[in-house]
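Report on one structure; see the data block that follows.
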Amino acid sequence: MSIPKTHLHNPQYLLYLLLTLFSLQSCSVKKTVYFNDLPADSIRLLRASTAFTDPTIQQDDILNITVQTSDPASAAISNQATPVQAVGASSASNVGNQLISGYLVDKNGYINITLLGDIYVKGLTTFQAREKITNLAKKYYNDPNVLVRFANFKVTILGEVTRPATYSLPNEKVTILDAMGLAGDMTIYGRRDNVLLARDHDGQKELVRLNLNDSKLFSSPYFYLKQNDVIYVEPGKGKAAMNNASRTQTFALVGSFLSLLVVVFTRIN
1 MSIPKTHLHN PQYLLYLLLT LFSLQSCSVK KTVYFNDLPA DSIRLLRAST AFTDPTIQQD
61 DILNITVQTS DPASAAISNQ ATPVQAVGAS SASNVGNQLI SGYLVDKNGY INITLLGDIY
121 VKGLTTFQAR EKITNLAKKY YNDPNVLVRF ANFKVTILGE VTRPATYSLP NEKVTILDAM
181 GLAGDMTIYG RRDNVLLARD HDGQKELVRL NLNDSKLFSS PYFYLKQNDV IYVEPGKGKA
241 AMNNASRTQT FALVGSFLSL LVVVFTRIN
């Protein structure tokens, strides 16, 4: 497209071009900002987010369990956790398979603690499991104190993020924003308005789209993550345009190189 020379000397036309370019740039920046529905330089009280629900223990979870008593030596026999391979687990600084010390929940929902025996924990929260194990420990120890937490609470983050991976977390109270931080945030090409969350629920896979541009996310029941959640950030149109431009540039360079070879070959002959 060519611009008539007379327009280039028209101040109103130049101002129109400037405003158009500025508006396009503003739209591009706005797409990369979280919660852009919040006005700048203001304080807004948002409705309280959905109450955090403690996750329940499932098959293949790894539990960190410690039995504490006034006589640590006597409780040592029940604190002999076995290292378990957490396949695909990673952290912000360490990616790959990890050995995690803990108690693996078998396919039937049981863990085995020395002296206390097989204990069914599937479907329990860590608090409920703690109470159950404490009651069993009272048969062998005086005034035991039992600590239970997940050793492999993990989420998987894929797509347009800086560090896509499966992350094993020491704390089960994790939000989708925490997950974005672990993965180094979205790239500039990630769609913040259409993030896919996949969650196992009652034997089925639940799929939901989340808009990280909308402050209503804080009151969403999906704001807090559950173990084994998968987050996928899809690329926007800008990524496709960049790839097309890159391919076009590559073809142009190859074409120029071939043309140069033809010219050199022609002159030599």
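Start counting the sequence shown at 1; every next residue gets the next number (the UniProt record's numbering).
Glycine is no exception: its CB is placed at the ideal position from the N, C-alpha and C atoms.
Whole-angstrom distance between residue j and residue i, CA atom to CA atom
i: V95; j: A165; result: Low per-residue confidence applies at V95: pLDDT is 46, beneath 50, and the placement is therefore not dependable enough to give any value.
i: L207; j: T187; result: 22 Å
i: F218; j: T50; result: 8 Å
i: S2; j: G181; result: Only weak support exists for where S2 lies, its pLDDT of 47 falling under 50; the value from the coordinates is given anyway. Taking the straight line joining both Cα atoms gives about 45 Å.
i: V148; j: F127; result: 7 Å
i: Q80; j: Y224; result: 32 Å
i: F35; j: K216; result: 9 Å
i: D185; j: N211; result: 15 Å
i: P235; j: K139; result: 57 Å
i: residue 319; j: A151; result: This structure gives no information on residue 319, because the portion of the chain shown stretches from 1 to 269.
i: V146; j: K132; result: 10 Å
i: H201; j: E160; result: 25 Å
i: R130; j: N194; result: 39 Å
i: Q220; j: G203; result: As written in the sequence, residue 220 is Ser, which differs from the Gln given in the question. If I take the Cα positions, the gap works out to 22 Å.
i: A179; j: T266; result: 60 Å
i: D71; j: T82; result: 22 Å
Cβ pair residue i, residue j closer than 7 Å
i: G190; j: V233; result: yes
i: G109; j: N64; result: no
i: L116; j: L136; result: yes
i: V67; j: P144; result: yes
i: Y120; j: T69; result: no
i: L197; j: Y222; result: yes
i: N213; j: R199; result: no
i: T125; j: D54; result: yes
i: T114; j: S78; result: yes
Residues of its chain near residue i, where Cβ-Cβ distance is below 6 Å and the 5 sequence neighbours each way are ignored
i: G123; result: T56
i: L104; result: I62 and V84
i: Q59; result: V105 and K107
i: D118; result: Y110 and N112
i: Q227; result: P55 and F153
i: A76; result: none
Assumed close pair residue i, residue j - CB separation to whole angstroms, cut-off 8 Å
i: A183; j: R209; result: Not confirmed; about 18 Å, so no contact.
7 Å CB neighbourhood of residue i in its chain, flanking five on each side removed
i: A92; result: In this prediction, A92 scores a pLDDT of 46, lower than 50, which makes its location untrustworthy; the coordinate-derived value is nonetheless stated afterwards. If we look at A92 and ignore the five residues flanking it on each side, its Cβ neighbours are L182.
Cutoff 8 Å; reference residue i; Cβ partners in own chain excluding five residues on either side
i: K205; result: A198 and R199
i: F52; result: K173 and Y224
Residue i CB to nearest heavy atom of the ligand FAD below 6 Å
i: F35; result: With respect to small molecules bound, the structure shown includes none, and the ligand FAD cannot be examined in it.
### Query
Does the count of Cβ pairs from the region 145-159 and the region 172-182 closer than 8 Å reach three?
At 8 Å Cβ cutoff, the stretches touch.
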